[in-house]
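Here the structure is laid out as structure tokens; the discussion comes afterwards.
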Amino acid sequence: MLQGFFEWMGALAISQAIGASIWIYPLVQAIHLVFLALFAGGIIIVDLRMLGYGMRSKPVYQVARDARPWMVIGLLGLILTGVPQMMQNSTREYFSEFFWYKMYLLAFGLIFLVTIRRKMTQAAETTTATKVVAVCSMAIWTGVTMAARLIGLFT
Amino acid sequence: MAELMMPLRNVFQWVSEFPSSIAIRESLFVSPYLTVSHVISMCLFAGLIVMMDLRLLGIGNMSSPFSEVQRRLFPWQMLGMGLSSVTGLTLAFSDPMRFYVNIFFWTKILVMVLAGINALAFHYITYNSVVVWDSKSTTPLGARLSGALSIVLWAIVIVSGRLIPYNWFQN
């Protein structure tokens with residue numbers, strides 16, 4: 001069903017233009033990783049606090065409030081540099097199992113982020129619940145990153 | 156220049172002939188695992204370095220004094236650095252001659268050294284006056300400069316690291 005959509009996307013003039021240049025795609029890929037670091041920083045600093053580590057002298061909600069704008073900028077940057085990669089390589093991505101692992105896990109991670117994790121980051125203290133959520137959050141984003149890196153290595 | 160580099164080239168050549176180096180190089184799965192682990196540990200290191208740099212710049216994590224952010228994040232930054240160093244060095248160990256001729260590899264090494272110098276300079280100069288500006292919303296110029304430099308330099312490290320597979324400048 002989606003194959004047609006991916007073929008259409010790959011045939012777009014902009015996708016062709018990205019593919020025609022030898023340096024645009026690698027550079028977009030590299031900048032994607034810089035935004036990944038920013039996003040990861042904004043996630044990890046809060047997850048560590050929910051586990052009772054890191055910024056322990058401030059309540060969880062304060063650490064989360066401080067980190068949120070940077071996490072959002074990181075996420076926007078990731079999307080902005082991720083979509084062109086998908087467009088340029090659309091048919092390879094469509095047939096890559098790791099691409100789909102990444103997308104399913106990413107969708108799950110984003111829903112988790114704005115629902116359960118968001119709720120938990122309003123806590124003041126570390127509890128069993130915040131610990132469980134922090135471990136889940138780290139596991140999900142580690143999984144997304146692993147699958148993402150493997151798209152390029154195993155297709 | 157080529158002659159000056161010979162001893163270094165010989166070291167890389169020598170390492171590339173170790174049976175352990177050859178074994179990793181010829182394995183299908185070890186280097187993908189190492190690459191993935193390198194990216195994950197980079198996130199821990201660079202992510203928390205950036206969180207601290209934003210506080211240095213006076214634009215992020217402002218509800219805590221700088222020394223607090225630095226002290227609390229330091230062990231995790233070091234864990235990230237340790238893991239990314241081990242995975243990175245093992246990757247280099249597994250295929251030294253591929254990296255020896257790669258301009259992005261050497262750019263990455265050089266810029267990492269510069270980022271290290273920046274961190275040390277901050278620690279031994281600007282950090283001495285931390286009690287004066289620790290809780291202030293505006294940090295001194297030296298601190299902002301260190302923070303900005305750190306972000307820029309580590310971003311260059313990440314970008315040049317990712318560009319290593321693209322050997323445009325090789326014959």
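Protein sequence lines correspond, in order, to chains A and B. If you use the numbering used here, the first sequence corresponds to residues 1 to 155, in order. If you use the numbering used here, the second sequence corresponds to residues 156 to 326, in order. All C-beta atoms, glycine included, are put in the ideal place defined by N, C-alpha and C.
What does the alpha-carbon distance come out to for the pair residue i and residue j?
i, j, result
"methionine 206 (chain B)", "glycine 54 (chain A)", "12 Å"
"glutamine 85 (chain A)", "histidine 193 (chain B)", "21 Å"
"tryptophan 169 (chain B)", "isoleucine 179 (chain B)", "15 Å"
"arginine 149 (chain A)", "methionine 267 (chain B)", "23 Å"
"isoleucine 313 (chain B)", "glutamine 88 (chain A)", "22 Å"
"glutamate 7 (chain A)", "leucine 78 (chain A)", "23 Å"
"serine 315 (chain B)", "isoleucine 22 (chain A)", "16 Å"
"serine 284 (chain B)", "alanine 274 (chain B)", "15 Å"
"threonine 127 (chain A)", "arginine 299 (chain B)", "36 Å"
"glycine 235 (chain B)", "phenylalanine 221 (chain B)", "20 Å"
"glycine 243 (chain B)", "tyrosine 104 (chain A)", "29 Å"
"tyrosine 255 (chain B)", "phenylalanine 277 (chain B)", "31 Å"
From the options, pick the residue whose C-alpha is nearest to that of residue i; which is it?
i, options, result
"arginine 226 (chain B)", "B:Gly215, B:Ile204 and B:Gly237", "B:Ile204"
"glycine 109 (chain A)", "A:Val83, A:Glu97, A:Thr130 and A:Thr145", "A:Thr145"
"glutamate 172 (chain B)", "B:Thr293, B:Asp250 and B:Phe221", "B:Asp250"
"lysine 102 (chain A)", "A:Val114, A:Arg117, A:Ile116 and A:Gly82", "A:Gly82"
"leucine 80 (chain A)", "A:Ile111, A:Ala30 and A:Met50", "A:Ala30"
"phenylalanine 35 (chain A)", "B:Ile264, B:Tyr321, B:Trp309 and B:Val185", "B:Trp309"
Cβ closer than 8 Å: which chain A residues qualify as neighbours of residue i?
i, result
"leucine 199 (chain B)", "Ala40 and Ile44"
"threonine 190 (chain B)", "Arg149 and Leu153"
"isoleucine 313 (chain B)", "Ala30, Leu33, Val34 and Ala37"
Is any beta-carbon of chain E found at less than 7 Å from that of residue i?
i, result
"glycine 202 (chain B)", "In summary, chain E is missing from the structure at hand, where the protein chains are A and B."
Find out if the Cβ-Cβ distance for the pair residue i, residue j is shorter than 7 Å.
i, j, result
"glycine 42 (chain A)", "alanine 20 (chain A)", "no"
"isoleucine 44 (chain A)", "glycine 302 (chain B)", "no"
"glutamine 122 (chain A)", "tyrosine 25 (chain A)", "no"
"aspartate 47 (chain A)", "methionine 120 (chain A)", "no"
"leucine 33 (chain A)", "glycine 74 (chain A)", "no"
"isoleucine 311 (chain B)", "asparagine 257 (chain B)", "no"
Can you name the residues of chain A whose CB is closer than 9 Å to the CB of residue i?
i, result
"leucine 228 (chain B)", "Ile45, Leu48, Gly54 and Met55"
For residue i, go through chain B and note every residue whose CB falls closer than 7 Å to its CB, in chain order.
i, result
"glutamine 62 (chain A)", "Ser218"
"lysine 58 (chain A)", "Ser218 and Ser219"
Does the beta carbon of residue i fall short of 6 Å from some heavy atom of the ligand ADP?
i, result
"isoleucine 79 (chain A)", "Among the components of this structure there are no ligands whatsoever, and the ligand ADP is therefore not found."
Mind pulling the chain A residues with CB within less than 7 Å of residue i?
i, result
"arginine 317 (chain B)", "Gln29, Ala30 and Leu33"
"alanine 310 (chain B)", "Val34"
Open item on the list: Give me the subset of the segment 38-50 of chain A whose CB atoms are less than 7 Å from a CB atom of chain B, sorted by chain position.
Closed with: Along the segment 38-50 of chain A, the positions whose C-beta sits under 7 Å from a C-beta of chain B are Leu38, Ala40, Gly41, Ile44, Ile45 and Leu48, read in chain order.
Open item on the list: Any C-beta of chain A within less than 8 Å: which residues of the segment 207-226 of chain B qualify?
Closed with: Cβ contacts with chain A: Leu209, Gly215, Asn216, Met217, Ser218, Ser219, Glu223 and Val224.
TODO: Can you give me, in chain order, the residues of the segment 8-28 of chain A that have a beta carbon less than 8 Å from any beta carbon in chain B?
DONE: The segment 8-28 of chain A vs chain B, Cβ under 8 Å: Ile22, Trp23, Pro26 and Leu27.
Open item on the list: What are the residues in the segment 245-276 of chain B lying within 8 Å of chain A by C-beta distance?
Closed with: Taking 8 Å as the Cβ-Cβ cut-off against chain A, none of the residues of the segment 245-276 of chain B qualify.
Open item on the list: Short of 7 Å Cβ to Cβ, which residues in the segment 126-145 of chain A face chain B?
Closed with: Within the segment 126-145 of chain A, the residues whose Cβ lies closer than 7 Å to some Cβ of chain B are Thr142 and Thr145, listed in chain order.
Open item on the list: Please list, in chain order, the residues of the segment 87-109 of chain A that have any C-beta partner in chain B closer than 9 Å.
Closed with: Residues of the segment 87-109 of chain A with a C-beta atom less than 9 Å from some C-beta of chain B do not occur.
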